[in-house]
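Right, one structure below, let's go through it.
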Amino acid sequence: MKKLAPFLILLAGILWGIIGFFVRKLNYLGFGPFDIVFIRAITTMSLLLIFLLIYNNKMLKIKLKDIWCFIGTGILSIVFFNFCYFKAINLTSLSVAAVLLYTAPAIVLILSSVFFREKITIIKIISMLLTFAGCVLVSGALSDKGNINLQGIVFGLGAGLGYALYSIFSRCALERGYHSLTISFYTFVFASVSSVFLTDLKKIGRVCLADYRLIVFCMIFGLISTVIPYIVYTLGLNEMENSRASIIASIEPVAATMLGILYFHEKLKINEMVGALFVITAIVTRNWRKKNEED
23 MKKLAPFLIL LAGILWGIIG FFVRKLNYLG FGPFDIVFIR AITTMSLLLI FLLIYNNKML
83 KIKLKDIWCF IGTGILSIVF FNFCYFKAIN LTSLSVAAVL LYTAPAIVLI LSSVFFREKI
143 TIIKIISMLL TFAGCVLVSG ALSDKGNINL QGIVFGLGAG LGYALYSIFS RCALERGYHS
203 LTISFYTFVF ASVSSVFLTD LKKIGRVCLA DYRLIVFCMI FGLISTVIPY IVYTLGLNEM
263 ENSRASIIAS IEPVAATMLG ILYFHEKLKI NEMVGALFVI TAIVTRNWRK KNEED
């Protein structure tokens, strides 16, 4: 499993990157950002519950004293991240918000050194800087004319913090012996419960019940964009450092760019190409160095 870990994290990043395909469809149907967050959370929770009841219902058991781990992954990470990210988009622009979101690897690096005593090395710093530079270029923030203000920056950094906290709280749960399936399930239990207050449930029910195919679409959305990536990410996280996993998962904006080119026929810009190369170089450098250290 240890040799497969980087590929599992990479797969998670790619699957997160293609979420735009589903989001555009749901936006077209009139769903807002928090409606989509709730749909994603509730379908993920439902699919995992069905699977765990059939596969191994013992995985549904958690200790009350450990519940803070799942409040961390579900509310402090998933819901807080989405809330801050959507606020940052409204206050600044999509590209600026995306760049601020990808301060996450740096936050993971710092928090992991504090709480898990992971070493901060030159290779980690170089990989992190390459990743951030790549995300800046891929997002197009350098040419963005959108409004930049202090409040937007604060919410953008909050999104980066929320994004980073999943790795931190997941590590805590893993160290307490919980399986990745258990962690993913309770993450979205708490995410569903807390996001329901930000959602128009009547609209979701009305639209979904009007066409059963939309329910199937939402289930596929939950499976591909959430169930699989969160499970494989947590499995990979069990075999490597948080900071390394965070850098590998930064393939997400590259995957999103490729989806735009291949499916939505968007044009590839020079800055996106250079940014993608930066991110890939960071991933290769980090993993090549790690392999040498293990050898």
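First residue of the sequence shown? That's 23 in my numbering, and the numbers climb one at a time after it.
Idealized CB from N, CA, C, for every residue including glycine.
Taking only the alpha-carbon atoms, compute the straight-line gap between THR221 and MET241 and give it to the nearest angstrom.
-> The straight-line gap from Cα to Cα measures roughly 18 Å.
Distance, GLY35 Cα to THR248 Cα = Distance between THR248 and GLY35, taken at the CA atoms: about 11 Å.
Check each candidate in ILE142, LEU284, LEU74, ILE64 and name the one with the smallest Cα separation from VAL211.
-> The option with the nearest alpha carbon to VAL211 is ILE64.
Report the rounded CA-to-CA distance for ILE250 versus ILE144, giving the unit in angstroms.
-> Cα to Cα, the separation comes out at about 32 Å.
According to the neighbour-count rule (16 or more other Cβ atoms, all chains shown, within 10 Å of its Cβ), is LYS14 buried or exposed?
-> Any question about residue 14 goes unanswered here, given that the chain covers just 23 to 317.
Close Cβ partners of ILE97 (< 8 Å) along its chain, the five nearest in sequence each way excluded | Same-chain partners within the cutoff: PHE212, ALA213, SER216.
Tell me, please, whether the CB atom of GLY35 is closer than 8 Å to any CB atom in chain D?
-> No chain D appears in this structure, which consists of one protein chain only.
May I ask whether a heavy atom of the ligand GDP can be found less than 7 Å away from the beta carbon of ALA186?
-> By its list of ligands, the structure shown contains no ligand whatsoever, and the ligand GDP lies outside what it can speak to.
Where do the N-terminal and C-terminal ends of the alpha helix (DSSP H) with MET10 fall, by residue?
-> No statement about residue 10 is possible, as the shown extent of the chain runs from 23 to 317 and does not include it.
Enumerate in chain order the residues of its own chain whose CB-to-CB distance from LEU152 is below 8 Å, with the five nearest sequence positions on each side excluded.
-> So the list reads PHE300, VAL301, THR303, ALA304, THR307, once near-sequence residues are dropped.
Chain-order list of residues whose beta-carbon lies under 6 Å from that of ALA186 (same chain, five-residue window excluded) | So the qualifying residues of the chain are ALA126, ILE129, VAL130.
Backbone secondary structure at PHE92 - three-state DSSP = DSSP, reduced to helix, strand and coil, places PHE92 within a helical segment of the structure shown.
Return helix, strand or coil for GLY162, following the three-state DSSP convention.
-> Of the three classes helix, strand and coil, the one that applies to GLY162 here is coil, per DSSP.
Does the Cβ of ASN314 have 16 or more other Cβ atoms within 10 Å, making it buried, or fewer, making it exposed?
-> Per-residue confidence for ASN314 stands at a pLDDT of 48, beneath the threshold of 50, marking its modelled position as unreliable; the derived number appears in the next sentence. When all chains shown are included, ASN314 counts as exposed.
Indicate whether ILE111 and ALA277 have their beta-carbon atoms separated by less than 8 Å.
-> Not in contact: ILE111 and ALA277 (Cβ atoms no closer than 8 Å).
Count the CB pairs spanning the region 258-272 and the region 88-97 that are closer than 8 Å, and state whether there are at least three.
-> Segments in contact, no.
Whose C-alpha, out of GLY199, LEU159, THR209, ILE226, is nearest the C-alpha of PHE296?
-> First, the amino acid is wrong: residue 296 is Val here, not Phe. Of GLY199, LEU159, THR209, ILE226, the smallest CA-CA separation from VAL296 is found for LEU159.
DSSP three-state assignment for GLY244, whether helix, strand or coil = Here DSSP, grouped into helix, strand and coil, assigns GLY244 to helix.
Short check: CB of PHE161 to CB of PRO275, under 8 Å?
-> The residue asked about is misnamed: residue 161 is Ser in this sequence, not Phe. Yes, the pair counts as a contact, with Cβ atoms nearer than the cut-off.
Relative to the C-alpha of CYS157, which residue among SER272, LEU281, LEU33, ILE292 is closest?
-> It is SER272.
Nearest to VAL229 by alpha carbon, out of LEU122, LEU183, TRP38, TYR50?
-> Measuring from the Cα of VAL229, the nearest candidate turns out to be TYR50.
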